[in-house]
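Visitor:
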Amino acid sequence: MSEKKLAIIATKGTLDWGYPPFILASTAAALGYETQIFFTFYGLQLLKKKINVKVSPLGNPGMPMPMGMDKWFPVLGTAIPGMEAMMTAMMKAKMKSKGVASLEELREMCIDGDVKMIACQMTVDLFDMNQSDFLEGIEFGGAATFFEFAGESDICLYI
Amino acid sequence: MANFDQELDATGLNCPLPILRAKKALASMSSGQVLHIIATDPGSVKDFDAFAKQTGNELMESKEEGGKFEFLIKKA
């Protein structure tokens, strides 16, 4: 079976949006795809040694809220200090209870499956991040680095 | 259910964990050996079918019993 290729650009740095790149990449690797993820802008949060991402109900009308909370806290209510931390804790607890893997676990499986992860060097410079903040073994590169692999890919996703 | 060489309990796990755990288990087995998987994720029925088609491992059996889904996969 000839190896298919999947290229993903991960641009989001929230708990919910961290899932699609890691779920798809780890599954693709399990199916025998050669897979690369290019992390840029806020997506770089997913490559930090310790993942510290949150989910925000603010400006997110599609987010299901437990116990009818969306009725008690319409729009502005979601801006109350502490809401983000609370929703993040509730989301993590919910995921655990439903047997959904943590981001750390899925990322580990990507590493096990030889998914290549590339951090956008420009973003690292832009936000004054240090290469030492990131996972060992990842690469740093730019748009041309991404296209070297993406140009040969069978599937290319922007998340 | 037919004989199997190794068993994977994926009950309580959600997508994509049953597939990822199965892949890991198969990696440690040799060609021709059979893996028995038990899962509770209803999505795993289609997913294991798709997994088998794409990886060349044979899905010998797929059944539901008492809210649990069971699969037999023979390593290619």
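Just so you know, the sequences run in chain order A and B.
The first sequence maps to residues 11 to 169 in this note's numbering.
The second sequence maps to residues 45 to 120 in this note's numbering.
C-beta: ideal position from N, C-alpha, C; glycine also.
Is the Cβ of K106 of chain A closer than 8 Å to any Cβ of chain B?
Guide: Cβ-Cβ to chain B under 8 Å: no for K106 of chain A.
Visitor: For the beta strand (DSSP E) containing F48 of chain A, name the first residue and the last one.
Guide: 44–49
Visitor: Measuring only the C-alpha atoms, how far is D85 of chain B from D135 of chain A?
Guide: 43 Å
Visitor: Can you name the residues of chain B whose CB is closer than 7 Å to the CB of L41 of chain A?
Guide: F95, Q98, T99
Visitor: How about L52 of chain B: is its Cβ closer than 7 Å to a heavy atom in the ligand NAP?
Guide: Because no ligand of any kind appears in the structure shown, any question about the ligand NAP cannot be addressed here.
Visitor: Determine which residues share a DSSP beta bridge with L34 of chain A and list them.
Guide: Paired residues: none, contrary to the question.
Visitor: At a CB-CB cut-off below 7 Å, which residues of chain A make contact with K67 of chain B?
Guide: A40
Visitor: Find out if the Cβ-Cβ distance for the pair E105 of chain B, A96 of chain B is shorter than 8 Å.
Guide: For the pair E105 of chain B and A96 of chain B, the CB atoms are not nearer than the 8 Å cut-off.
Visitor: List the residues of chain B whose Cβ lies closer than 9 Å to the Cβ of A89 of chain A, in chain order.
Guide: Those do not exist, as A89 of chain A stays about 31 Å from chain B at its closest Cβ, beyond 9 Å.
Visitor: How far does the alpha helix (DSSP H) with V78 of chain B in it extend, from its first residue to its last?
Guide: No alpha helix (DSSP H) holds V78 of chain B; the beta strand (DSSP E) holding it covers 78–83.
Visitor: Going by Cα to Cα distance, which pick from A:T21, A:E114, A:A20 is closest to K60 of chain A?
Guide: A:E114
Visitor: What are the boundary residues of the beta strand (DSSP E) that includes L167 of chain A?
Guide: 165–168
Visitor: In chain A, what lies closer than 9 Å to L61 of chain B by C-beta?
Guide: G109, V110, A111, E115, L116, M119
Visitor: Report the residue from B:A46, B:E114, B:D49, B:K68 whose alpha carbon sits nearest the alpha carbon of D93 of chain B.
Guide: B:E114
Visitor: Leaving aside the five residues before and after V65 of chain A along the sequence, list all residues of the same chain whose C-beta is less than 8 Å from its C-beta, in chain order.
Guide: T24, L25, D26, M73, E94, M97, T98, M101
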